[in-house]
Amino acid sequence: MLEVYRESDSKRFGVGIIQRNIFMPVPEGDNASRGFAPQPGVLSRLYLRRWLVLLAAAVIVALSMFHGLPWAGTAAAVVTFAAGAAIIPTSRTRARYDAVSADRAKEETLAVAKPIADALPDPAILLARDGTILAFNGKARDLFDGLKNGSHISSATRSPQVLDAVTECGPANQQLTVTFSERVPVERHMAATVSWLVLPSSAGPSILVYLRDLTEQRRLDQLRADFIANASHEIKTPLASLSGFIQTLHGAARHDEAARDRFLPIMAKQAERMARLIDNLMSLSRVEMRAHLKPQGEVAIAELVEQACEALEPMAAEANIVVAVESEVGAVTVLGDRDELTQVFINLVHNALKYGRKGGSVQVKLKRQRSGSQDMIAISVKDDGPGIPVQHLPRLTERFYRVAGAAGHEKGGTGLGLAIVKHVVNRHRGELRIASEVGFGSIFTVLLAEHKYNRGAVEVEIKPAARPTLEE
């Protein structure tokens, strides 16, 4: 379910907090944490400053005794000083004291809560009572790009469920658990436990938001259902063929050597297709299960692509196709999973060899490409086959989709190769572009963010771009 957060929700959340701060009665013990205190009366101020008044009176009396000042003037001076101590307000001094006390209380809160948040295995965010972010651990920083100390929790997540839970959390509702979904940059399902946290400091209670990732569990449930549906549908055809051939060989063609020699290679081919189909389904399931986890390994992309092409040299030699690799990027690296990226480029080059023109060529090029403020590595695989009609391009990465009239069935295609490529590229926060022209071949381009050593792991937001042309 797509969660939509409206601007009015943010305003309602923020205004609700402001109104609570202004109009709700403030307990006496919370004055220091709120930054203000009620003004004492005349007698209260005089009592608070009694030692200062007594000290001033003693000094004035001593001066009168040693210097012979008149007692009437001495008494007037003492009364005037006492009156000033009782009348002059204490707001500035008290406000300054309260501000220092609030900062000290905040430091005490962070000193206690930050190590606790860092020790938690899942994302955790510590909030003030008004939703201001006080601290968070590394897992939370990886999950939300907008996390920043001093900003509001709505700057990190726009989920209405989480914001409402933070608003409602208090002594009456000390723990609330909500679930929410996010679609950007990848689909993610989370459970947030919002707890009223009383710390041993003078800063008062805080709010702890503890997050659990439910994405893998949801994906596992969905993958089980999808696997059963897809496997049963796709395996049905080769299984029916095998059953029919077996019945024929057990029956009328039991002693027919010519029929046996003709049927057995077909049966072996169908069995191989079923095995390949199951392998592809399992590969796709593994990639989808980890789609929300961005890979963090460093991969030398040019070396990886060259190795993928070398692995397919026997197939290229059999089809009399020349595979030419041209790199302009040197020894650059990308953040990724080496095995998954190898599968991507083996699939793309394998398709180019399978559907390309016999005796033709496959061109693999690596070059830098600018996307906004980010340097990208564009890896393109171009064949000189018959090409694909433009109306089929948007659906090529769908599971089991085959172009009508294509030779996919005859050449053993399962319809899952490009689906695997798409999901792996999405997991790497990259982009897959497809261009084709009937009679002139096709070009498949994968864009991956270049890894900068001085920046660490770089999150890249890929924006839709114009479809590449074959001249690229």
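Quick note: the sequence shown uses this note's numbering, first residue 17, plus one each step. Built from N, CA and C at the ideal position, the CB exists for glycine as well. Source: prediction; values computed, not measured.
In this structure, how does DSSP classify residue 100 when only helix, strand and coil are distinguished? Residue 100 sits at position 84 when you count from the first residue of the sequence shown. Note: residue 100 maps to helix in three-state DSSP.
Using three-state DSSP, classify residue 168 as helix, strand or coil. One-based indexing of the sequence shown puts residue 168 at position 152. Correct three-state label for residue 168: strand.
Residue range of the beta strand (DSSP E) that residue 10 falls in? Here the chain covers residues 17 to 488 and nothing more, so residue 10 does not appear.
Only counting the same chain, and skipping five residues up and downstream in sequence, which positions put a Cβ closer than 7 Å to that of residue 268? Within the sequence shown, residue 268 is the residue found at index 252, counting from 1. Closer than 7 Å at the Cβ level, and outside the excluded window around residue 268, lies no residue.
Is there contact between the segment 329-342 and the segment 439-452, where contact requires at least three CB pairs shorter than 8 Å? Counting C-beta pairs with one atom in each stretch, the segment 329-342 and the segment 439-452 have fewer than three that are closer than 8 Å, which means they do not touch.
Would you tell me roughly how many angstroms separate the C-alpha atoms of residue 155 and residue 137, rounded to the nearest one? To locate residue 155, count along the sequence shown from 1; it is residue 139. To locate residue 137, count along the sequence shown from 1; it is residue 121. If you draw a straight line from the Cα of residue 155 to the Cα of residue 137, it comes to about 8 Å.
Determine contact between the segment 57-74 and the segment 87-106, defined as no fewer than three beta-carbon pairs at a distance below 8 Å. Short answer: they touch.
Can you tell me the Cβ-Cβ gap for residue 149 and residue 169, rounded? I've got them flagged as a contact below 8 Å. By 1-based counting over the sequence shown, the position of residue 149 is 133. By 1-based counting over the sequence shown, the position of residue 169 is 153. Residue 149 to residue 169, Cβ: 6 Å. Contact.
What three-state label does DSSP hand residue 259 in the structure shown? Numbered from 1 along the sequence shown, position 243 holds the residue referred to as residue 259. Correct three-state label for residue 259: helix.
Taking the C-alpha atoms as reference points, what is the distance between residue 279 and residue 200? As a first step, residue 279 is located in the sequence shown; it is residue number 263 there, counting from the start. As a first step, residue 200 is located in the sequence shown; it is residue number 184 there, counting from the start. Rounded to the nearest whole angstrom, the CA to CA distance from residue 279 to residue 200 is 51 Å.
By Cβ distance, which residues of its chain are closer than 6 Å to residue 437, with the 5 residues on each side in sequence left out? Against the sequence shown, residue 437 aligns to sequence position 421. Contacts found: 360, 363.
Do you know offhand how far residue 151's Cα is from residue 179's? Here residue 151 corresponds to residue number 135 of the sequence shown, with the count starting at 1. Here residue 179 corresponds to residue number 163 of the sequence shown, with the count starting at 1. One C-alpha to the other measures close to 17 Å.
If you follow the beta strand (DSSP E) that residue 207 is in, where does it begin and where does it stop? Here residue 207 refers to the residue found at position 191 of the sequence shown. Annotation for residue 207: the continuous beta strand (DSSP E) segment containing it runs 204-213.
Could you name the residues of the same chain whose beta carbon sits closer than 7 Å to that of residue 383, not counting the 5 residues immediately before and after it, in chain order? Taking the sequence shown and counting its residues from 1, the one referred to as residue 383 is at position 367. Once the five neighbours on either side are set aside, the close Cβ partners of residue 383 are 344, 345, 394.
Pair within 8 Å by beta-carbon distance, residue 461 and residue 434: In the sequence shown, residue 461 corresponds to position 445, counting from 1. In the sequence shown, residue 434 corresponds to position 418, counting from 1. If you check the CB distance, residue 461 and residue 434 do not come in under 8 Å.
Taking C-beta to C-beta, are residue 458 and residue 375 nearer than 8 Å? Taking the first residue of the sequence shown as position 1, residue 458 is located at position 442. Taking the first residue of the sequence shown as position 1, residue 375 is located at position 359. Between residue 458 and residue 375, the C-beta gap is not smaller than 8 Å, which leaves the two residues out of contact.
Using CA atoms only, rank isn't needed, just tell me which of 93, 300, 191, 184 is closest to residue 431. If you number the sequence shown from 1, residue 431 lands on position 415. From the listed residues 93, 300, 191, 184, the smallest Cα separation to residue 431 is found for 300.
Meets three-Cβ-pair contact criterion under 8 Å: the segment 271-290 and the segment 311-324: No: fewer than three Cβ pairs fall under 8 Å.
How is residue 29 classed by DSSP in three states: helix, strand or coil? As a working mapping, residue 29 is identified with position 13 in the sequence shown. The pLDDT assigned to residue 29 is 39, lower than 50, so where the model puts this residue is not dependable, and the model offers no usable value.
If you compare alpha carbons, which of 464, 407, 467 is closest to residue 453? Position 437 of the sequence shown, counted from the first residue, corresponds to residue 453. Ranking 464, 407, 467 by CA distance to the CA of residue 453 puts 407 first.
Classify residue 443 as helix, strand or coil using the three-state DSSP reduction. Walking along the sequence shown from the start, residue 443 turns up at place 427. Helix, per DSSP.
How far does the alpha helix (DSSP H) with residue 505 in it extend, from its first residue to its last? Here the chain covers residues 17 to 488 and nothing more, so residue 505 does not appear.
From residue 378 to residue 253, what does the alpha carbon distance come to, in whole angstroms? On the sequence shown, residue 378 is found 362 positions in, with the first residue counted as 1. On the sequence shown, residue 253 is found 237 positions in, with the first residue counted as 1. Rounded to the nearest angstrom, the two C-alpha atoms are 32 Å apart.
Using the Cβ count rule (16 or more neighbours within 10 Å means buried), how would you classify residue 261? For the purposes of this step, residue 261 is taken as residue 245 along the sequence shown, with counting starting at 1. By the 10 Å Cβ count, residue 261 comes out buried.
Start-to-end residues for the beta strand (DSSP E) that takes in residue 342: Within the sequence shown, the letter at position 326 stands for residue 342. In the DSSP annotation of this structure, the continuous segment of the beta strand (DSSP E) that includes residue 342 starts and ends at 338-343.
Please look up how many angstroms separate the CB atoms of residue 381 and residue 342, rounded, as I've assumed it's under 8 Å. Mapped onto the sequence shown, residue 381 falls at position 365. Mapped onto the sequence shown, residue 342 falls at position 326. Sure, about 5 Å apart at Cβ, within 8 Å.
Do residue 228 and residue 207 count as a contact pair if the criterion is CB distance below 8 Å? Counting from one through the sequence shown, the residue named residue 207 turns up at place 191. Counting from one through the sequence shown, the residue named residue 228 turns up at place 212. In this structure, residue 207 places its C-beta atom within 8 Å of the C-beta atom of residue 228.
Going by C-alpha distance, which of 259, 198, 313 is nearest residue 231? Within the sequence shown, numbered from 1, the residue matching residue 231 stands at position 215. The candidate whose alpha carbon is nearest that of residue 231 is 198.
Looking only at its own chain, which residues have a Cβ that is under 7 Å from the Cβ of residue 184, when we skip the five neighbours before and after it? The residue you call residue 184 lines up with position 168 of the sequence shown. Residues of the same chain with a CB within less than 7 Å of the CB of residue 184, apart from the 5 flanking positions on each side, are 192 in chain order.
Residues that residue 460 bridges to, as DSSP identifies them: Translated into the one-based positions of the sequence shown, residue 460 becomes position 444. The partner list for residue 460 (beta bridge, DSSP) reads 397, 450.
Report back the beta-carbon spacing between residue 339 and residue 365 to the nearest angstrom; my notes put them in contact at under 8 Å. For the purposes of this step, residue 339 is taken as residue 323 along the sequence shown, with counting starting at 1. For the purposes of this step, residue 365 is taken as residue 349 along the sequence shown, with counting starting at 1. Contact flag correct, Cβ pair sits at about 7 Å.
Kindly indicate the opening and closing residues of the beta strand (DSSP E) around residue 173. For this step, residue 173 is matched to residue 157 along the sequence shown. Neither: residue 173 is in no beta strand (DSSP E) and is coded neither H nor E.
Excluding the five sequence neighbours on either side, which residues of its own chain have a C-beta within less than 7 Å of the C-beta of residue 563, listed in chain order? In this structure the chain extends from 17 to 488, so residue 563 is not present and cannot be described.
Could you tell me which of 274, 463, 195, 325 sits nearest to residue 368, measuring between CA atoms? By 1-based counting over the sequence shown, the position of residue 368 is 352. Residue 325 holds the alpha-carbon nearest to the alpha-carbon of residue 368 among 274, 463, 195, 325.
May I ask you to list the residues that DSSP assigns as paired with residue 225? Along the sequence shown, read from residue 1 onward, the residue named residue 225 stands at position 209. For residue 225, which the question treats as bridged, DSSP gives the partners 141, 210.
For the alpha helix (DSSP H) holding residue 319, just list the boundary residues, first then last. The residue given as residue 319 occupies position 303 in the sequence shown. DSSP places residue 319 in the uninterrupted alpha helix (DSSP H) bounded by 317-327.
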